[in-house]
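What follows is a set of notes on a single structure, which appears directly below.
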Amino acid sequence: MKFKRMAAISIDPRLKLQMPKSHLQCASTAEEIEGLIRVYADGHVERPPIIPNVPCSTTASNKGVSAKDVLIDNFTNTWARIYIANSQRKLPLLVYFHGGGFCVGSAAWSCYHEFLLDLASKAKCAILSINYRLSPENRLPAAYEDGFNALMWLKQQAISEPNEHKWWLGNCNPSNLFLAGDSAGANIAYNIATRPGLNEPATLKPLTLKGVILIQPFFGGESRTKSEKLAAQPSTSALTLATADTYWRLSLPPGASRDHPWSNPLVNGGTKLRDTKLPPSMVCISELDILVDRNLEFCAAMAAAGKKVERVIFKGVGHGFQILNKDQISAIRTQEMMVSIQNFIHQVVKIY
């Protein structure tokens, strides 16, 4: 399926001579994360293609998984890559949001394609990987709205069961729905799950939200945690404190601080957390992540608010290891993560 080119632009460094002169020689850079994103003072955005996009068919059949891209919203260009594991029974359905600080990333990135292919195969589930609008061209809450609208689209498909989607809908159990994501994607999953009224039966029916899976959730705050100030990170870690701060400046509403509720779910004593219905949740935490303390505080606040939360800590790895790193320890921990996710999904499904 062909999708319209979004306002966000990825530039091949070899093509710089073809760019407007103002951006090469005259325009000043307002924000930059080296190798990932450069934002000019005039609003122009460049995203070097540091990670290749791959078609949905890449290696899918070798994993016993069918994959296809579907358009969700033509106006916002929101689309999803669907993964369906071969199975004789109805599969739980995972709606997944990729990471990237709200500013970079794609459901077509090779690293996400490989990770979700493996997850669908090993956890025996169906996955809708959502490609949402990016900041700073579309600041928050655009990504949250795209995620919620994707759920409403999914609801409509489950009701109408159109022929074009029977190949995957017919293999799913819409009453076993999970929201999931990593890093900024986990933040999106959480903020959608806590959206007022989302957990009321009529909102999603015939879908039923059974659980939330947050992998290294990207939260922030004005007050620094110990791990944000002192954590010794592996060189391959995908997140530094300076990078995190830049992502927040580019994605939050102009003038907002890191204590905005979208960034800091524990602001004001976590009143939103206490007052919100939430299904059982699992939080995957990396021991060497700068977010480790913030993620642990979040889990403690969830438990104190009476929410069912399971935390899993992965030793010896940093932020985004399961997506970006290929070393032996990361490969081992990635398999452990997939087993943990599989166990959580199937335990929750059995409870209900």
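Okay, so the sequence shown: first residue is 59 according to this note's numbering, each after it adds one. Note that CB positions come from ideal geometry on N, CA and C, so glycine has one too.
- prompt: On the three-state DSSP scale, how would you describe N231?
  reply: DSSP places N231 in strand when its eight states are reduced to three.
message: Under 8 Å: do the stretch 161-178 and the stretch 136-146 share three or more Cβ pairs, one atom per stretch?
response: Touching, per the Cβ criterion.
field: When R316, A260, K384, L175 are compared against V112, the one with the closest alpha-carbon
entry: Nearest C-alpha to V112 among R316, A260, K384, L175: L175.
- prompt: Nearest to R191 by alpha carbon, out of G205, F379, E286?
  reply: It is G205.
- request: With a 10 Å radius around its C-beta and 16 neighbouring C-beta atoms as the bar for buried, classify Q380 as buried or exposed.
  value: That one is buried.
query: What are the boundary residues of the alpha helix (DSSP H) that includes P259?
result: Counting along the chain, the alpha helix (DSSP H) containing P259 begins and ends at 259-262.
- prompt: The alpha helix (DSSP H) with C357 in it runs from where to where?
  reply: DSSP places C357 in the uninterrupted alpha helix (DSSP H) bounded by 350-362.
- request: For the beta strand (DSSP E) holding E368, just list the boundary residues, first then last.
  value: Residues 367-372.
- request: Please state if the CB of P275 and the CB of R197 are separated by a distance shorter than 9 Å.
  value: Going by C-beta atoms, R197 is not nearer than 9 Å to P275.
- prompt: The beta strand (DSSP E) spanning W211 covers which residue range?
  reply: Element bounds for W211: not the beta strand (DSSP E) but the alpha helix (DSSP H), 200-218.
Reduced DSSP secondary structure (H/G/I, E/B, other) of Y248: Here Y248 sits in helix by DSSP.
query: Thinking just about the alpha-carbon of each residue, which of L299, T294, Q386 is nearest to the one in S285?
result: L299 is the residue among L299, T294, Q386 whose C-alpha sits nearest the C-alpha of S285.
field: Cβ distance (whole Å) where S309 is taken to contact F160 below 8 Å
entry: Contact between S309 and F160 holds, with the beta-carbon distance rounding to 4 Å and staying under 8 Å.
- request: Could you please give me the residues that DSSP links to T87 through a beta bridge?
  value: Answer is Y98, bridged to T87.
- prompt: Helix or strand or just coil, what does DSSP make of D303?
  reply: It is helical.
task: Since I believe F402 is in contact with M340 (beta carbons under 8 Å), could you give me their beta-carbon distance rounded to a whole number of angstroms?
output: With a Cβ gap of about 5 Å, M340 and F402 count as contacting.
- request: Kindly give me the distance between the Cβ atoms of I185 and Y154, rounded to whole angstroms, as I take these residues to be in contact under 8 Å.
  value: Sure, about 5 Å apart at Cβ, within 8 Å.
message: Using a Cβ-Cβ cutoff of less than 8 Å, which residues in the same chain neighbour L354 once the five nearest sequence positions on both sides are dropped?
response: Around L354: I343, R369.
field: Presumed contact (8 Å Cβ cut-off) between A150 and N231, rounded CB distance
entry: For the record, residue 150 in the displayed sequence is Pro; it is not Ala. At roughly 6 Å, the Cβ-Cβ gap stays under 8 Å, so P150 and N231 are in contact.
Proximity winner among A165, K287, D131, H156, relative to A238 (alpha-carbon distances): Minimum Cα distance to A238 is reached at H156.
task: Using a threshold of 9 Å, state whether the C-beta atoms of R352 and T283 are closer than that.
output: In terms of Cβ geometry, R352 and T283 form a close pair [threshold 9 Å].
- prompt: Between the Cα of I188 and the Cα atoms of S315, Y305, D127, which residue gives the shortest distance?
  reply: With distances taken between CA atoms, I188 lies nearest to D127 out of S315, Y305, D127.
task: Kindly identify the DSSP beta-bridge partner or partners of S465.
output: One cannot answer for residue 465 here, as it falls past the ends of the chain, which runs 59 to 410.
- request: Would you tell me roughly how many angstroms separate the C-alpha atoms of A166 and A260, rounded to the nearest one?
  value: In this structure, the alpha-carbon of A166 lies about 32 Å from that of A260.
field: Three-state secondary structure assigned by DSSP to K126
entry: In the displayed model, K126 falls within a strand according to three-state DSSP.
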